[in-house]
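Worksheet: the structure to be examined is printed underneath.
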Amino acid sequence: MKKLLCLTLSVALVLSLSGCSLLLARVEKSAQKVPAVSDLVPSVDKIGDIDETEGLNKTIVCPMEDSMYPAAHIELKEDLTFKMQVNLYEGFGDILGTYEEDGNGDINLTVTEKTFEGYSGDTLESFKLIKLNDTSYEIEFDGLEQVGAIHSGAVLSENE
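Under our numbering, the residues of the sequence shown are numbered 206 to 365, in order.
Written out as structure tokens, the structure is:
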């Protein structure tokens with residue numbers, strides 16, 4: 206009886222040890238390799254390839270008197286693109302494009318796409334945001350007086 210008990214315990218011990226070694230082998234196999242430092246840090250040759258241009262990341266809004274909806278709001282994105290939503294009185298239209306800042310903090314915007322036609326401003330090709338202070342801009346449309354509910358000279362403020 207003692208021999209049978211010893212034999213059973215020995216077999217159990219051998220099986221559990223072999224199971225642990227198999228588990229360790231699987232864990233080591235599935236462990237990820239650490240990338241080389243050269244993969245994480247760009248070489249001196251590649252530093253010039255990094256795009257250092259970073260745009261603004263803010264939304265500015267022009268409120269509309271006696272309305273819960275704004276006349277317009279503009280999202281300036283970090284990739285130097287923008288999306289302007291304009292109140293058309295009968296709905297909203299989007300104006301999409303690119304922008305760049307000049308040395309004075311003013312922003313020049315170029316329109317690439319509009320989602321509306323037949324409304325005032327459907328011929329807009331470019332406009333400018335003139336910086337008044339760190340959070341406010343005056344809008345100036347090129348060749349137009351008004352786009353939807355927003356007129357040239359309106360003040361847009363940063364959305365907080």
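The beta carbon of each residue, even a glycine, is placed where N, CA and C say it ideally should be.
Given the structure is predicted, the values throughout are model-derived calculations rather than measurements.
Note on geometry: alpha-carbon atoms of G353 and Y324 lie some 7 Å from one another.
Cα atoms of V360 and E330: separation of roughly 20 Å, rounded to the nearest angstrom.
Annotation for G302: the continuous beta strand (DSSP E) segment containing it runs 297-306.
Going by DSSP, L314 is part of the beta strand (DSSP E) stretching over 312-319. Rounded to whole angstroms, the separation of the alpha carbons of Y342 and V266 is 10 Å. Contact between T303 and T286 is confirmed by a C-beta separation of about 6 Å, below the 8 Å threshold. Taking Y294 as reference, the option from T315, S272, D307, L337 with the minimal CA-CA separation is S272. Excluding the 5 residues flanking it on each side, G358 has same chain C-beta neighbours closer than 8 Å at E343, I344, E345, in chain order.
Note on geometry: alpha-carbon atoms of K288 and D299 lie some 7 Å from one another. In the DSSP assignment, L337 falls within the beta strand (DSSP E) that extends over 331-338.
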